[in-house]
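Here the protein sequences line up with chains X and B, keeping their order. First residue of the first sequence? That's 1 in the numbering used here, and the numbers climb one at a time after it. First residue of the second sequence? That's 1 in the numbering used here, and the numbers climb one at a time after it. The structure under discussion appears below in the form of structure tokens.
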Amino acid sequence: MARIGVFICHCGSNIAGTVDIPRVVAEAQKLPMVVHAEDNEYTCSEVGQRSLREAIQEHRLNRVVIGACSPRMHENTFRNTVASAGLNPYLLEMANLREHASWVHGDQREAATVKAIDLIRAAVAKVARAQPLFARQIGVTKRALVIGGGIAGIQCALDIANAGFEVVLVERTPSIGGRMAQLDKTFPTLDCSACILTPKMVEVGQHPRIRLLTYAEVKEVRGFVGNFEADILQKARHVDHDKCLGCGICWQKCPARAPSEFDMGVGQRTAIYIPFAQAVPGKPVIDREHCRYQQYLEWQRAGAEGKKPPECRICEKLCPVGAIDWEQRDEMITEEFGAIVVATGYKTFDHSVYGEYGGGRYPDVITSLQLERLMSASGPTLGEVTRPSDGQPPKTVVFISCVGSRDDSVGRPYCSKVCCMYLAKQSIMLKEHDPEVQSYIFYIDIRAGGKNYEEFVRRAQEEAGTVYIRGRVSKTYPEKGKLIVWGEDSLMGRPVQIAADLVVLATGIEPSEGAIELAQTLHISYDVHSFLVEAHPKLRPVETMTDGVFLAGTAMGPMDIPDSVAQGSAAAAKVCGLLSKDTLALEPMVANVNAVKCVGCLLCQQVCPFKAIDTETLRDGRIVVRINEGLCKGCGLCVSACRPGAMNLRGFSNEQLLAQVKALTR
Amino acid sequence: MSYQPRIIGFLCNWCSYAGADMAGTSRMSYPPNIRIIRVPCTGRLDPLFVAKAFQEGADGVLVAGCHPGDCHYAEGNYHARRRYALLHLLLEFLGIEPERIRLEWVSASEGKRFTQLVTDFTEQVARLGPCQAVGGQS
Ligand SMILES: Cc1cc2nc3c(=O)[nH]c(=O)nc-3n(C[C@H](O)[C@H](O)[C@H](O)COP(=O)(O)OP(=O)(O)OC[C@H]3O[C@@H](n4cnc5c(N)ncnc54)[C@H](O)[C@@H]3O)c2cc1C
Ligand code: FES
């Protein structure tokens with residue numbers, strides 16, 4: 001039998017000034033199952049809480065209603081209080097007499113008092129049907145999975161590992177480093193990108209607590225916070241990295257060529273390759289598509305018709321340690337993790353939709369990332385910027401900004417944030433490479449918010465003599481070895497025409513290939529542009545709505561290196577906070593199933609946003625659902641979808657809500 | 001207003017309940033007829049609760065949740081919106097005027113909007129008079 005105690009708070013004059021408290025107490029006393037009712041000046045004060053504890057003991061209360069402020073304010077406070085008096089903390093209900101009555105009906109004493117009595121009655125009806133709930137404790141696997149080895153993922157993995165936890169870092173390409181490794185210098189300080197990045201890459205490669213899986217991808221993730229299990233596909237490299245010494249003889253002698261992904265196609269690589277000289281790991285992979293021996297095997301499999309291709313196998317013959325392994329197969333690795341960080345970065349916009357810029361049609365129209373590779377001392381031209389068409393150094397260079405940014409007509413309404421700054425950087429660098437270079441930048445607006453950023457753009461204009469033209473380019477065409485760029489100077493209100501040697505497109509930033517598939521297996525959200533979505537844009541910037549899954553870097557939206565690093569560290573702090581716990585308390589206000597009533601229609605499974613509903617087969621062969629309490633967040637969608645009424649929500653059960661409805665419509 | 005309608009409000013915990021709190025914190029004022037029931041999400045709302053409210057003598061039901069895209073559980077309010085469309089038909093079938101129920105989005109910062117909404121809705125329900133449907137007790 002429920003023994004309910006009702007406590008009405010004056011909140012000074014906040015409630016008592018409007019609501020007739022003695023009348024509310026008197027009415028409360030008449031309610032069924034209420035064995036005690038009292039009022040307090042401030043129930044949340046030390047005195048009030050003591051009085052609450054004493055009343056629980058004195059009157060042997062097993063349910064408590066507090067009529068005070070919003071439960072959003074003090075529900076936790078009072079849960080702790082009743083718990084300290086030996087009562088289950090979920091046998092408490094609050095009636096919101098302040099925000100929902102006295103404060104909004106200040107001039108209507110009678111109406112506010114009647115409402116307060118109603119709210120107390122509803123709370124009593126609800127708490128009478130409350131069940132004690134217990135937060136289940138679960139263990140935590142003290143290992144983190146970081147997906148994506150760009151600067152954000154690198155920073156994150158290092159911070160977690162240096163805090164003492166194990167990390168598995170999964171990178172899709174043969175080396176970590178991400179886009180930052182492709183850059184020449186970095187704004188606004190003009191640090192050499194490789195010089196500041198490679199030490200971190202090496203640290204990752206040698207860290208005793210980081211296990212690096214390159215040329216690998218996360219295929220599936222199961223489980224929930226503290227207890228994830230991931231299937232990671234290690235693609236076959238055909239090189240045994242345990243034997244390989246990274247001496248380099250194989251890639252120096254390999255006769256097969258392919259466009260280098262790392263050089264954005266402006267350079268070539270061999271079929272057995274490391275993407276760039278400072279790659280980590282510094283051991284190669286064999287690209288099956290371009291390997292001659294693999295082509296030979298393919299030819300054999302297809303029936304050995306036509307001309308016999310060379311069997312090659314030069315790498316195998318030259319390798320001093322016998323590391324080439326043609327039998328190697330793709331391998332699935334399954335590991336357990338307590339937390340996951342997604343740092344999968346970005347790719348650049350495909351500019352071919354802008355026919356007027358001539359990208360793809362004219363060899364001397366390149367992208368800014370290609371220019372980075374041309375400017376880099378370790379790039380395909382060893383830092384000599386030359387025109388792809390004839391190898392001549394360009395003297396007049398036109399940059400076009402916002403290619404796939406701030407343009408609704410191509411589905412990219414957002415600003416890519418880094419382009420204004422890297423255009424200034426590239427124009428300064430071109431001038432440093434060759435003082436005869438004259439750069440022009442067509443822009444919409446110059447966005448240079450950031451420490452020393454505005455000054456940096458000023459430097460491009462004043463020191464490098466870069467000419468900024470506000471307006472769009474309408475067409476580009478070749479004429480007498482030059483590229484004629486037609487545009488509009490919208491400030492001067494007149495057309496401009498520039499005969500350029502090189503045209504550089506500032507292609508915008510969009511999420512990496514495969515971001516959606518990854519988001520789906522992790523049950524995290526992505527926006528219309530496929531950028532991953534944070535739990536709160538201001539207050540929870542590196543968390544997701546799935547507990548235990550965090551975000552860092554440009555996978556979430558355009559940002560520069562300092563921001564990506566800050567986010568990597570922020571996500572690491574969140575991960576460490578989680579992994580430092582031995583157990584986690586699961587929220588007990590979750591769904592529960594009555595297996596007797598469940599008909600196995602699985603409608604609940606379809607509506608559950610958290611994939612928290614599993615099935616099980618009973619001994620009699622019936623299939624019923626089971627709640628994964630680690631994943632359930634207690635939204636109650638399944639409960640209202642359940643036709644046979646088998647599903648219920650703890651803390652907001654059907655019986656409780658109906659009792660409230662009844663109490664309020666009486 | 002001599003006739004005082006009874007209105008039940010089902011508010012999601014994360015946005016609209018907080019929006020109603022905001023109206024209080026900002027000392028705004030609205031008609032005292034509404035009685036608020038806190039639910040975790042508008043997606044928790046079983047159409048049965050609404051039907052039950054009318055059967056038990058409510059004259060109007062207000063359902064409020066997070067704006068589309070803002071639901072704390074990502075998609076609860078989309079389900080609520082779809083169910084609401086069906087609920088309308090059901091209520092008409094039961095002989096309850098569709099004007100007696102409303103689904104609205106109120107964020108945690110929209111205390112002003114909540115105030116306005118409750119004021120409008122209370123007036124609207126008052127004009128309709130007591131709900132005669134279902135049990136027909138009233
Ligand atoms: C032309 C250009 C110049 C720039 N210059 C500057 C500059 O001077 N200064 C500056 O601050 N910023 C600059 N930036 C921006 C800078 O490149 C980014 O801020 C930074 O590289 C973002 O790092 P990240 O780790 O978030 O992403 P990325 O560098 O893109 O790293 C992501 C990594 O994840 C891997 N990956 C992707 N998907 C998966 C998957 N499913 N599984 C496993 N691994 C995956 C990728 O292979 C990659 O290694 C420039 C950008 C461009 C385009
Ligand atoms: S949490 Fe507000 S509508 Fe779902």
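We put the beta carbon where it would ideally sit given N, CA and C, even for glycine. Given the structure is predicted, the values throughout are model-derived calculations rather than measurements.
- M556/X has a beta carbon lying at 9 Å or more from every beta carbon in chain B.
- For H536/X, the shortest C-beta to heavy atom distance toward ligand 2 is 8 Å or greater.
- The continuous beta strand (DSSP E) containing C402/X extends over residues T396 to V403.
- By the 16-neighbour rule on beta-carbons within 10 angstroms, E110/B is buried.
- At least one heavy atom of ligand 1 is found less than 8 Å from the C-beta of K425/X.
- Look at S107/B: its C-beta is not under 9 Å from any C-beta on chain X.
- Check the Cα spacing between R179/X and each of S401/X, M264/X and W299/X: the tightest is with M264/X.
- Looking at the DSSP output, D231/X sits in a beta bridge with E220/X and T334/X.
- Closest in alpha carbon position to Q660/X, among C15/B, K52/B and S29/B, is K52/B.
- Nearest to V365/X by C-alpha distance, out of F337/X, L483/X and G150/X, is L483/X.
- V593/X is not a Cβ neighbour of M559/X, given a cutoff of 9 Å.
- In this structure, S401/X sits away from I428/X, with a CB-CB distance that is not shorter than 9 Å.
- Runs of alpha helix (DSSP H) with 4 or more residues, each lying fully within the stretch 103-170 of chain X, are found at 109-128 and 151-162, listed in chain order.
- With a cut-off of 8 Å, the C-beta of W251/X is classified as distant from ligand 2, since no heavy atom of the ligand falls inside that distance.
- For a Cβ distance threshold of 7 Å, residue set L658 and V661 of chain X lies close to K52/B, ordered along the chain.
- A residue is called buried once 16 or more other Cβ atoms fall within 10 Å of its Cβ, and F531/X is buried on that count.
- At least one C-beta of chain X is nearer than 9 Å to the C-beta of I37/B.
- Inter-residue distance for R540/X and R44/B is about 25 Å (C-alpha atoms, whole angstroms).
- Within the stretch 435-513 of chain X, the complete beta strand (DSSP E) segments at least 3 residues long are 438-443, 467-470, 473-479, 482-489, 494-500, 502-507 and 509-511, listed from N- to C-terminus.
- For A2/X against A83/X, the beta-carbon gap comes to about 18 Å, at or over 8 Å, which does not count as contact.
- Closest in C-alpha terms to C291/X, from the list R269/X, V280/X and F276/X, comes R269/X.
- Excluding sequence positions up to five before and after H207/X, its CB lies within less than 6 Å of the CB of A161, all in the same chain and listed in chain order.
- The stretch 141-160 of chain X and the stretch 99-119 of chain X do not touch, with fewer than 3 CB-CB distances between them shorter than 8 Å.
- Taking 9 Å as the cut-off, the beta carbon of V342/X is found closer than this to the beta carbon of A519/X.
- Cβ atoms of T113/X and V19/X come within 8 Å of each other, at about 5 Å.
- Relative to the Cα of V63/B, the nearest Cα in the group L94/B, L89/B and V118/B belongs to V118/B.
- Of the residues D563/X, D547/X, Q567/X and A595/X, the one whose Cα lies closest to the Cα of L579/X is D547/X.
- When CB distances to chain B are screened at a threshold of 9 Å, not a single residue of the stretch 310-340 of chain X falls below it.
- In the three-state scheme derived from DSSP, where H, G and I count as helix and E and B as strand, V549/X is classed as strand.
- Non-local beta-carbon contacts of N227/X in its own chain, meaning distances under 8 Å to residues more than five positions away in sequence, involve I138, G139, V140, T141, E336, G338 and G630 in chain order.
- At least one CB of chain X lies nearer than 9 Å to the CB of L45/B.
- Shown here for Q370/X: same chain residues with a beta carbon closer than 6 Å to its own, the five before and five after excluded, namely M264 and V266 in chain order.
- Contacts with chain X (Cβ-Cβ distance below 7 Å) from the stretch 77-91 of chain B involve H79, listed in chain order.
- Along the stretch 524-539 of chain X, the positions whose C-beta sits under 8 Å from a C-beta of chain B are S525, read in chain order.
- At a cut-off of 9 Å between beta carbons, D120/B makes no contact with chain X.
- Bridge partners of H536/X according to DSSP: R540/X.
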